[in-house]
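Visitor: Residues in the sequence shown are numbered consecutively from 306, following the numbering used here.
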Amino acid sequence: MASDPIARSAMASYQFPDTFMWGAATAAYQIEGAIDEDGRTPSVWDTFTDLPGRVLNDDTGAIACDHYHRYVEDVALMARLGIKHYRFSLAWSRIMPDGRGQVNEAGIDFYRRLVDCLRDHGITPHATLFHWDSPQALEDLYGSWRSREMAQDFADYATAVVSRLGDRITHWMTINEIVCFTHLGYGVGKVPPHAPGTVVRSQKEVWQTSHHALLAHGLACQAIRAASATPCSVALVDNFSVPVPIAESPDHIAAAKRAFHTLGTNGGIIFPALTGAYSPLLLEQLGADAPDIHADDLNTIFQPLDALGFNVYTGNYVRAADNAQGFEVLPLSASYPRLNMPWLWVVPTALYWGIRHMSETLGRGNLPLFISENGCAAEDILTPAGEVIDCDRIFYLRQHLKAAHRAVQEGYPLHGYFLWSLLDNFEWAWGYTRRFGLTYIDYPTQARIPKASFNWYCECIRQNRVV
Ligand code: GCO
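(1) Quick one: is the Cβ of N481 within less than 6 Å of any heavy atom of the ligand GCO?
(2) Which residue marks the beginning of the beta strand (DSSP E) containing L724, and which one marks its end?
(3) For S546, I'd like the list of residues in its chain whose CB is within less than 7 Å of its CB, leaving aside the five on either flank, ordered along the chain.
(4) Go to Y373, then tell me how far its alpha helix (DSSP H) extends in each direction, as first and last residue.
(5) Where does the unbroken beta strand (DSSP E) through P776 begin, and where does it stop?
(6) What did DSSP end up calling D597 once you bin it into helix, strand or coil?
(7) I'd like to know if Y717 contacts chain D, where contact means its C-beta is closer than 7 Å to some C-beta of that chain.
(8) DSSP has F393 in a bridge; who is on the other side?
(9) With DSSP collapsed to three states, give me the class of P755.
(10) Who does R624 pair with in a DSSP beta bridge?
(11) Report, in whole angstroms, the separation of the C-beta atoms of I699 and A757, which I expect to be a contact under 8 Å.
(12) Give me the Cα-Cα distance between E456 and S348, rounded to the nearest whole angstrom.
(13) Following the continuous beta strand (DSSP E) through D543, name the residue where it begins and the one where it ends.
(14) For L724, which option in S318, P322, T605, G328 has the closest C-alpha, if you only look at C-alpha atoms?
(15) Can you name the start and end residues of the beta strand (DSSP E) that A330 belongs to?
(16) Kindly indicate which three-state DSSP category M306 falls into: helix, strand or coil?
(17) Assuming P498 and Y491 form a contact by the criterion Cβ under 8 Å, report the distance between their Cβ atoms to the nearest whole angstrom.
(18) For E715, which three-state DSSP category applies?
(19) Determine which residues share a DSSP beta bridge with E678 and list them.
(20) In terms of alpha-carbon separation, which member of Y376, L470, M663, K509 lies closest to C422?
(21) DSSP state of T580, grouped into three classes?
(22) Would you be able to state if there are at least three C-beta pairs under 8 Å between the region 469-478 and the region 408-428?
(23) Among residues of its own chain, excluding the 5 on either side of H599, which ones have a beta-carbon nearer than 8 Å to its beta-carbon?
(24) Decide yes or no for the touch test of the region 397-416 against the region 437-451: beta carbon pairs closer than 8 Å, at least 3 of them.
(25) Determine the burial state of T479: buried for a count of at least 16 other Cβ atoms within 10 Å of its Cβ, exposed for fewer.
(26) Among E482, K509, P402, whose alpha-carbon lies nearest the alpha-carbon of D445?
(27) Could you check the C-alpha separation between I551 and M326 for me, to the nearest Å?
(28) Closest to D371 by C-alpha separation, out of P501, I336, V623, would be which residue?
(29) Is the CB-CB distance between H720 and P653 below 7 Å?
(30) Cβ-heavy atom distance between A369 and the ligand GCO below 6 Å?
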């Protein structure tokens, strides 16, 4: 604790450094709509949403927030919010209708217009090259992520994008949340909730898809650096699972570090990406289900990065245990606070512990970090007066920003925060039934209605602290 009163009051008021980057995030399929305009071809999500019963209410991204046509209004909204950084993704099949080969310049033009508009408002674009919307053409050709070919095609797509937009975009993110379009997109013995929704035969085949995605990330890092005319920042975005010690005592902290290896898919995604090796503890657990790894793959995957984007929504409490693993993951009772998703337990310390694990468990303490997504779904109600008073979202966000502040205060390299999301949008298998936005979308009219949380976040940015 700081002993002098000024430092103490700076801590108590949760002031961030002047350089802290405040932002918001979105993704192409979730907001753009315009699925067959200007040469865009279907992605696996278009195909998936057309299958009855896969998405709640059979909702699709055909219109979504109509951002493709309303991006000027949406950028004005960002300016009003006060963010100086905006994270969005590019739709591969807008840019390469066949997934490979010919570039559709009309697709590039949309992103050029968007980025120019952002820059006119003093907002720095952070572009994610892939946020789950694989071109259907490559699914038809070779089963997309089931094939190693996908990695090279992704790198070629990265080259096509960066050679055209690298004069305007200098912050690149390769791939968003590998687990979600691989392990949730291909299932063994159960219907996968995410596109392409393919049931494969073995866990090994599932791990093979995430291995291919890691290769795609590695090759894309090289492609981006080679194609960029100016020095640029290259990041991976991951939602690794976060073991949070039930109490911050040495035994429970040690247990959380052990748990980090095998919780979720950590050992096979964030480990190879940031350390150049799958976690030995995971490999031991997988046995014959481990993916096939070619001789040079780990070198390709383990690229120098300028930053890591950390998407965090929840966490798992862990404690030390007298068992073979040395830890146990603790169950949460029905009365534990949760927002409007079955998995959205409110565990703000996960934001802090995720950052600390990067440093202490993975040994990557010098790698700059961004919270590339954090936010929550709430049961937002539009009042007759036309307001959405989402005190629950403000509560959630405030706790998470305090955890971010703690990380900064303790000297961890956290440089910025992108709130998920600017707008309510198409929430994958949940369709439009779940709202994560700071801005309410009235879908029938496409009206944008800033919620109470919008004004709250605006004030945090203005004062550069948690208010
Ligand atoms: C993600 C997802 C977002 C989701 C959000 C809420 O990257 O986690 O990409 O697309 O909408 O996480 O579930």
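We put the beta carbon where it would ideally sit given N, CA and C, even for glycine. All of these numbers come straight from a predicted model, not from anything done at the bench.
Guide: On the basis of the data shown:
(1) Residue numbering aside, residue 481 sits at position 176 when the sequence shown is read from its first letter. In this structure, the ligand GCO has a non-hydrogen atom nearer than 6 Å to the beta-carbon of N481.
(2) Taking the first residue of the sequence shown as position 1, residue 724 is located at position 419. Its beta strand (DSSP E) spans residues 719-725.
(3) Here residue 546 refers to the residue found at position 241 when the sequence shown is read from its first residue. L568, G569, N571, N621, listed in sequence order.
(4) Your numbering for residue 373 matches position 68 in the sequence shown. Run containing Y373: 372-386, per the alpha helix (DSSP H) assignment.
(5) Because the chain spans 306 through 772 in this model, residue 776 falls outside it and cannot be assessed.
(6) The residue given as residue 597 occupies position 292 in the sequence shown. Reduced to three states, the DSSP call for D597 is coil.
(7) Checking the listed chains, one finds no chain D in this structure; it contains a single protein chain.
(8) Taking the sequence shown and counting its residues from 1, one reaches residue 393 at position 88. As DSSP reads the structure, F393 sits in a beta bridge with A432.
(9) Counting from 1 along the sequence shown, the entry for residue 755 is found at position 450. P755: strand per DSSP, three-state reduction.
(10) Here the question's residue 624 lines up with position 319 in the sequence shown. According to DSSP, which records beta bridges pairwise, R624 is partnered with E633.
(11) Within the sequence shown, numbered from 1, the residue matching residue 699 stands at position 394. Within the sequence shown, numbered from 1, the residue matching residue 757 stands at position 452. At roughly 7 Å, the Cβ-Cβ gap stays under 8 Å, so I699 and A757 are in contact.
(12) Counting from 1 along the sequence shown, the entry for residue 456 is found at position 151. Counting from 1 along the sequence shown, the entry for residue 348 is found at position 43. What sits at residue 456 in the sequence shown is Ala, not Glu. One C-alpha to the other measures close to 17 Å.
(13) Counting from one through the sequence shown, the residue named residue 543 turns up at place 238. Run containing D543: 538-543, per the beta strand (DSSP E) assignment.
(14) Position 419 of the sequence shown, counting from 1, holds the residue named residue 724. Among S318, P322, T605, G328, the Cα nearest to that of L724 belongs to G328.
(15) Working through the sequence shown from its first residue, we reach residue 330 at position 25. It spans 326-330 - the beta strand (DSSP E) in which A330 sits, taken as one unbroken run.
(16) As a first step, residue 306 is located in the sequence shown; it is residue number 1 there, counting from the start. Unreliable positioning characterises M306 in this predicted model, as indicated by a pLDDT of 47, which lies under 50. A coordinate reading is not provided.
(17) In the sequence shown, residue 498 corresponds to position 193, counting from 1. In the sequence shown, residue 491 corresponds to position 186, counting from 1. The pair is not a contact, with the Cβ atoms about 11 Å apart (cut-off 8 Å).
(18) Mapped onto the sequence shown, residue 715 falls at position 410. Coil at E715, not helix or strand.
(19) Against the sequence shown, residue 678 aligns to sequence position 373. N616.
(20) Numbered from its first residue, the sequence shown carries residue 422 at position 117. For C422, the nearest C-alpha among the options comes from Y376.
(21) Numbered from its first residue, the sequence shown carries residue 580 at position 275. The answer is helix: DSSP assigns T580 an H, G or I state.
(22) Inter-segment contact for the region 408-428 and the region 469-478 is present: three or more beta-carbon pairs are separated by less than 8 Å.
(23) Taking the first residue of the sequence shown as position 1, residue 599 is located at position 294. The answer is none, since no qualifying residue turns up.
(24) Touching, yes.
(25) Against the sequence shown, residue 479 aligns to sequence position 174. Classification of T479: buried, given that the 10 Å Cβ count is 16 or more.
(26) Numbered from its first residue, the sequence shown carries residue 445 at position 140. That would be P402, whose Cα lies nearest to the Cα of D445.
(27) Mapped onto the sequence shown, residue 551 falls at position 246. Mapped onto the sequence shown, residue 326 falls at position 21. So the two alpha carbons sit approximately 30 Å from each other.
(28) For the purposes of this step, residue 371 is taken as residue 66 along the sequence shown, with counting starting at 1. Distance check between D371 and each of P501, I336, V623 places I336 closest, using alpha-carbon atoms only.
(29) For the purposes of this step, residue 720 is taken as residue 415 along the sequence shown, with counting starting at 1. For the purposes of this step, residue 653 is taken as residue 348 along the sequence shown, with counting starting at 1. The answer is no: Cβ separation not under 7 Å.
(30) Locating residue 369 in the sequence shown gives position 64, where the first residue counts as 1. Checking every heavy atom of the ligand GCO against the Cβ of A369, none is found closer than 6 Å.
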